[in-house]
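Numbering (the numbering used here), first residue to last: 5 to 149. Positions of the beta carbon are idealized from the N, C-alpha and C atoms, including for glycine. Values in this document were obtained by computation on a predicted structure and should not be read as measured data. Encoded as structure tokens, the structure appears first; notes follow it.
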């Protein structure tokens, strides 16, 4: 997640380098928190808002800024949930956030991504909420550790 936050933060400036040097000597939780806060600040600045509608260069390939913002939101949400589950904290994903991210997840994670990048989608009950559907699409389920 550390390297992804670096890339999404760089994207807010219009270009992403392909390689990013590792952070050495800092507590991982502090590093991730600081980067997530910097990312939020970078993409919400008035000067950056236009970039959301513009193209961002990623190692010579152009991508819409809006795609990177949505990808960052999905990355932070789901990997944050992974950490939450791994530590036994068991905080649920807010359903409104999950509902907003469901179309992003369906656009970004397709059958071609399985099983290489993502586990198979998991079944959900008919009345499943947005959070359960989002996690299931990404191969996760509450209680996974």
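- Taking a cut-off of 8 Å on C-beta distances, the segment 79 to 96 does not touch the segment 112 to 132, as fewer than three cross pairs fall below it.
- Between residue 102 and residue 139, the C-beta gap is smaller than 9 Å, which places the two residues in contact.
- Relative to residue 61, the option among 112, 130, 12 whose CA is nearest is 12.
- Restricting attention to alpha helix (DSSP H) runs no shorter than 4 residues, the segment 41 to 97 encloses them at 50 to 56, 69 to 90, ordered along the chain.
- DSSP places residue 108 in the helix class (H, G or I) of the three-state scheme.
- The Cβ atoms of residue 97 and residue 125 do not sit closer than 9 Å to each other.
- The bridge partners DSSP lists for residue 19 are 61.
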